[in-house]
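Okay, structure first, notes after.
There are 2 protein chains.
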Amino acid sequence: MALVVQKYGGTSVADPERIQAVARKVVERRRKGDSLVVVLSARAGETDRLLALGHDVSPEPNPRELDVLLATGEQVTIALFSMAVHDMGEEAVSMTGYQAGIITDRAYGQARINWIETLPIVGKLHEGKIVVVAGFQGYDDEGNITTLGRGGSDTTAVALAAALGADVCEIYTDVEGVYTADPNVCSKARKLDRISYEEMLEMASMGAKVLHLRSVEFGMKYHVPILVLSSFTDAPGTLVTKEDEEMEKVVVSGITYNKNEGRVTITNVPDIPGMAAKVFRPISDSGINVDLIVQGSSGTPGRANISFTVPKTDFARTMRIVERIAPEIDAGPVHGNADIAKISIIGLGMRSHSGVATKMFETLARENINLKMISTSEIKISCIIDEKYTELAVRVLHDAFELDRAPLGRIQIQEES
Amino acid sequence: MALVVQKYGGTSVADPERIQAVARKVVERRRKGDSLVVVLSARAGETDRLLALGHDVSPEPNPRELDVLLATGEQVTIALFSMAVHDMGEEAVSMTGYQAGIITDRAYGQARINWIETLPIVGKLHEGKIVVVAGFQGYDDEGNITTLGRGGSDTTAVALAAALGADVCEIYTDVEGVYTADPNVCSKARKLDRISYEEMLEMASMGAKVLHLRSVEFGMKYHVPILVLSSFTDAPGTLVTKEDEEMEKVVVSGITYNKNEGRVTITNVPDIPGMAAKVFRPISDSGINVDLIVQGSSGTPGRANISFTVPKTDFARTMRIVERIAPEIDAGPVHGNADIAKISIIGLGMRSHSGVATKMFETLARENINLKMISTSEIKISCIIDEKYTELAVRVLHDAFELDRAPLGRIQIQEES
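Note that the protein sequences, when read in sequence, are chains A and B. Per the working numbering: the first sequence = residues 1 to 417. Per the working numbering: the second sequence = residues 1001 to 1417.
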């Protein structure tokens, strides 16, 4: 008898048939003896429909009222799902963010969970009921409805699992788990049995859309084991958990790519204190998120080149800002390139293994793929390359690091558990 | 500076354009200095859409969850409306039934308001905000979402007006007020300036669909003046208020008809105690609402005929029940007729004026309209006639009681106020 928090995304509850299918899975699980809290997203497309409705009425919807509007999407799903469970002979009780005691700050549209009053849910679990919670929403200390932003239902589920001391948080999605690389790009991509929170964070922020970033942070902070698995098959999934010795033996766990950025370079920036601040202040003031930043020598003494990447949607705006700044700070010409991709390799074992970066560079060089920027962290190496080489780069790196072969250590852990 | 509760129905907020039009009216009113609480229904068709969605998932939706589902309809409207008000430069704050402190019993789908915690609304009014409340919904003492049943938004508005001590509750609808008769049937029908709660109750229960029955009861109990008016024109509307001397001078205020009933007659029922109970117990146990009941002599000593009316949708079922009972209680044959209509005249003045019933009977007799049943109350006389004479009956009674002429007393009151 375990306490399990499950989360099902929008595609898993898109229509009556799927809602009934998921309800059947949940009811079977309940009958095996587990206590269940089920977190649901809005039906696929519903949040976009509500957003469009809001924009039909108001060009710039009031943020508080937009959250009131969007929160109805999950409320519809939890009601429909609970009906389906009742029809199958089990007791379910739906709870909105308010009813489930999910208290957030007041950052409408991107609120953060401050704490959870667990008594309402615990009470219903003790009555043997399946508790069905609206994901993505909460309320602030004055009772205003808030939403957590896109992907917020993952965060709701992991936060509930932490607050309730659940044995595991199961995130059901439309893929079977976390892969060594995008299976659409790399046919040899292999599903991972386990991955550490740290690696998953780098994966998530690098463009693997399996799990929402903040939910992984929550899981890491409160030690919640997160199991990512498919709502359409019975495959075992990937467990996101804290690192152990076996994991550190693996040098590279996965490869990710991101085609959604553009690169900007300012040449010949005077190499004196305060220059970087002068460049990036107007960019961040415009609400543009800068990702990689690399500063290097320009060849001219006392001058440096600064390169950085921004989301492609902000690329043109960023170029205009930087072209205005460059003469003001006595820098040289500005170059921009939106046809780039970021390739990253991620692995806990990099900390203790040398030569990983060299192997990555050599592998790409062998295919004549030029590196435009390099950026490294403790467990990640990212390279900016021409966009057209993205798929090739993923495949050759996957082969070079032998990611198609399951590491022996992991398999043993799997068998032991 | 008055405190005004306004209610707008589903057709008044059916699409973005209408929402903006109503918002404009509300903003103009606010700028004249009134404090405003605006109660909104779900957009026209939305509740039916949600009901269909529920029935797609479950043949017999769990009542608690159905209310969770239906409550989203009004939540969408209050969010959209508040956005529109913000765009016009005034502050609005939406409140669900929960946030507005509307506490009901737990009769899902037909909950009754027990009390209202007015502090949340009063606080926002003091801040100068327009408070926008979701009609039709509340919550019980355990925090479960409840709905008040069809037409419940009228009740929300009048109950809020009572709890807040509002100066008036304005019900905006798609007609300009309460008429002496259905204008579609009687071209001479005249809009009433004022009508008493008692008369309005008889009108509402007789089939005038302007105002929900329970909202009138609430208004009468707590002395809330209710103004019924059009959301599409600036016509002055009809004030529903407590009776005064002027009102009592008017013998007949209005004529209503109802074609949605069928009549059942059991002949030769033994005239001994307990017979009526034996007839009506199985009918009420089947959830069928009996309207008029008339018991009269059968011509045979010690025997009586019992006639009554039920909704047409329950007519066939009622006939089966009664045909089963009749032999059991040693009664004679059972007759039924679904092609009937009920014509009623209503007026406070009937109490003090004699001969009103006679005038009604004579007027109908003059047109060869046969009376199949007669039922009277203090301020109402109802006759059951052949359905095909309905429109004719309404018109000749309207003429006979001179309802097209505004009573002098009322016009004077109107000018004085």
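Using N, Cα and C, we set each Cβ at its ideal position, and we do this for glycine too.
query                                                                                                                                                          : result
How would you write the range of the beta strand (DSSP E) that S1375/B sits in, first residue to last?                                                         : M1373 to S1377
The beta strand (DSSP E) that contains H223/A, what's its start and end?                                                                                       : Neither: H223/A is in no beta strand (DSSP E) and is coded neither H nor E.
If you count every other CB in all the chains shown that lies within 10 Å of the CB of S1058/B, and 16 or more means buried, which is it?                      : buried
Please confirm if M88/A has its CB atom under 8 angstroms from at least one CB of chain B.                                                                     : no
If you reduce the DSSP assignment to three classes, tell me which class F1308/B lands in.                                                                      : strand
Confirm, please, whether the CB-CB distance from E248/A to L348/A is below 8 angstroms.                                                                        : yes
Are the beta-carbon atoms of I255/A and L403/A separated by less than 8 angstroms?                                                                             : yes
Going by the beta-carbon positions, is the gap between I346/A and M203/A smaller than 8 angstroms?                                                             : yes
Between E415/A and the rest of its own chain, which residues show a CB-CB distance below 6 angstroms, the 5 nearest in sequence each way excluded?             : Residue placement at E415/A is poorly supported in this model, since its pLDDT is 33, which falls under 50; the coordinates still yield a value, given next. So no residue of the chain qualifies.
Could you please give the first and the last residue of the uninterrupted alpha helix (DSSP H) stretch that includes H55/A?                                    : E46 to V57
If you reduce the DSSP assignment to three classes, tell me which class G296/A lands in.                                                                       : strand
Does any residue of chain B bring its CB to less than 8 angstroms from the CB of K7/A?                                                                         : no
What are the start and end residues of the beta strand (DSSP E) that includes A92/A?                                                                           : A92 to M95
Distance, Cα to Cα, A1276/B vs P1063/B?                                                                                                                        : 34 angstroms
Could you list which residues in chain A have their beta carbon closer than 8 angstroms to that of Q1295/B, in chain order?                                    : Neighbours of Q1295/B on chain A: none; closest Cβ ~44 angstroms, over 8 angstroms.
Which one or two residues does DSSP pair with H335/A in a beta bridge?                                                                                         : T265/A
Under a CB-based cut-off of 8 angstroms, is Y1389/B close to chain A?                                                                                          : no
Output, in chain order, the set of chain A residues within a Cβ distance shorter than 7 angstroms of A1044/B.                                                  : Here the premise fails: no neighbours, minimum Cβ distance about 15 angstroms.
Since Y1098/B meets chain C, which of its residues come closer than 7 angstroms, beta carbon to beta carbon?                                                   : Any reference to chain C falls outside this structure, whose protein chains are A and B.
Relative to the C-alpha of M1220/B, which residue among V1168/B, I1266/B and S1297/B is closest?                                                               : V1168/B
From G177/A to G237/A, what does the alpha carbon distance come to, in whole angstroms?                                                                        : 5 angstroms
Is G1302/B near D1271/B, with beta carbons less than 8 angstroms apart?                                                                                        : yes
Could you give the distance in angstroms between the alpha-carbon of L1008/B and the alpha-carbon of T173/A?                                                   : The sequence given here places Tyr at residue 1008/B; Leu does not occur at that position. One C-alpha to the other measures close to 42 angstroms.
So with CB distances below 8 angstroms, who are the chain A contacts of S1352/B?                                                                               : Correct list: empty, because the minimum Cβ distance to chain A is about 53 angstroms.
Helix, strand or coil for V419/A? Go by DSSP, reduced to three states.                                                                                         : The shown model of chain A, from 1 to 417, leaves out residue 419/A, and the question about it has no answer.
Do A1428/B and E1387/B have their C-beta atoms within less than 8 angstroms of each other?                                                                     : In the structure displayed, chain B extends from 1001 to 1417; residue 1428/B sits before or after that span and is not available.
Given a limit of 9 angstroms on CB to CB distance, which residues of the region 67-92 of chain A reach chain B?                                                : D67, V68, L69, L70, A71, T72, G73, Q75, V76, I78, A79, L80, F81, S82, M83, A84, V85, H86, D87 and A92
Under the assumption that V1240/B contacts Y1179/B (Cβ atoms under 8 angstroms), give the Cβ distance between them as a whole number of angstroms.             : At roughly 13 angstroms, the Cβ-Cβ gap does not stay under 8 angstroms, so V1240/B and Y1179/B are not in contact.
Here's the rule: buried if 16 or more other CB atoms are within 10 angstroms of the residue's CB, otherwise exposed. What is P327/A?                           : exposed
Output needed in chain order: residues of the region 36-65 of chain A with a Cβ under 9 angstroms from some Cβ in chain B.                                     : L50, L53, G54, D56, V57, S58, P59, E60, P61, N62, R64 and E65
Quick one: residues in its chain with C-beta nearer than 6 angstroms to the C-beta of F1136/B, no 5 flanking neighbours on either side, listed in chain order? : E1074, T1147, L1148, G1152 and S1153
Please classify V4/A as buried or exposed, where buried requires at least 16 neighbouring CB atoms within 10 angstroms.                                        : buried
Which of the three DSSP states is assigned to L1040/B in this structure?                                                                                       : strand
Using only CA atoms, which one of D1140/B, F1401/B and R1263/B lies nearest to N1114/B?                                                                        : D1140/B
Tell me which same chain residues have a C-beta within less than 7 angstroms of the C-beta of L1160/B, skipping the five on either side of it?                 : V1005, V1037, V1039, I1116 and V1133
I need the DSSP call for D386/A, collapsed to helix, strand or coil.                                                                                           : strand
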